[in-house]
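Just so you know, numbering that gives the first Met the number 0 puts 172 at position 173 of the sequence shown, and the rest follows in order with no gaps.
Below: the structure, in structure tokens.
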Amino acid sequence: MKELMLIIISSAIVNNVVLSQFLGLCPFLGVSKKINTAAGMGGAIIFVITLSSFVTGLVYQFILVPTDMEYLQTIVFILIIAALVQFVEMFLKKAIPSLYQALGVYLPLITTNCAVLGVALINVQNDYNILEGTVNGFATAAGFTLSIIVMAGIREKIEYNDIPEAFRGFPTVLLTAGLMAIAFCGFSGLI
């Protein structure tokens, strides 16, 4: 249990996938305009990363390793992630059409989100078993969700401020992301 708690804290806060490893920046910067949309993207990311961590762990441990085909891990992991994202997209289109419309092009981009593939590869690299890999995937996705919701909250507040013309829009977003990354670096000595 202690090992799982260390994985959770490390993945969600200390080694935050967006603010420490700089993976998944496209949806982080693109979908963080409103808190509701950011939370919806975070929920989709939590589902996809957690489930893909579990499924890729199973496939790696029970298919690729016994058949000595570990070299195919990246291709197999991409196919698994693409299939999971298609299921999420179909579900959101039927169940929550407003969120599906709000996420727009960023929902299919989860397939190519390097954070999703990065977690699957980190699980293999760190020799996590299936449970540890799934917990790492969930914690990483929770850290992503935390960072995107915080960024959305800051962006909603910044929208009404008097900002010089040269810094309006994306420059302010990048400065905010940089300051958030510096703040999260303060956790680096925690674990």
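Even glycine gets a Cβ: it sits at the ideal position worked out from N, Cα and C.
Of the residues assessed, Pro163 falls on the exposed side of the cut-off, its CB having fewer than 16 other CB atoms within 10 angstroms.
Cβ-Cβ separation between Ile79 and Val58: approximately 7 Å, consistent with a contact (criterion under 8 Å). Taking the CA atoms as reference points, Thr36 sits about 28 Å from Leu120. Using a 10 angstroms sphere on the CB of Ser10, the tally of other CB atoms reaches 16 or more, which defines it as buried. Restricted to the stretch 112-137, the alpha helix (DSSP H) segments that are unbroken, complete and at least 4 residues in length are 113-124, listed in chain order.
The straight-line gap separating the alpha-carbon atoms of Glu155 and Pro170 is approximately 15 Å. In this structure, DSSP gives Met68 a state outside helix and strand, which the three-state scheme calls coil. It is roughly 8 Å from the alpha-carbon of Thr175 to the alpha-carbon of Met150.
One alpha carbon belongs to Asn128, the other to Ala141, and they sit about 20 Å apart. Here Leu91 is buried, its C-beta having at least 16 other C-beta atoms within 10 Å.
Look at Gln20 here: in three-state DSSP terms it is coil, with no helix or strand label. By the Cβ neighbour-count rule, Ser52 is buried, with 16 or more other Cβ atoms within 10 Å of its own. A distance of 9 Å or more separates the beta carbons of Ile62 and Leu145. Excluding residues up to 5 positions away in sequence, Ala151, Arg154 lie with their Cβ nearer than 7 Å to the Cβ of Lys32 in the same chain.
In the three-state DSSP reduction, Met0 falls in the coil class, being neither helix nor strand. For Gly177, the uninterrupted alpha helix (DSSP H) run begins and ends at 169-184, by DSSP.
DSSP places Asn35 in the uninterrupted alpha helix (DSSP H) bounded by 34-58. Around the C-beta of Leu5, fewer than 16 other C-beta atoms lie within 10 Å, and the residue is accordingly described as exposed.
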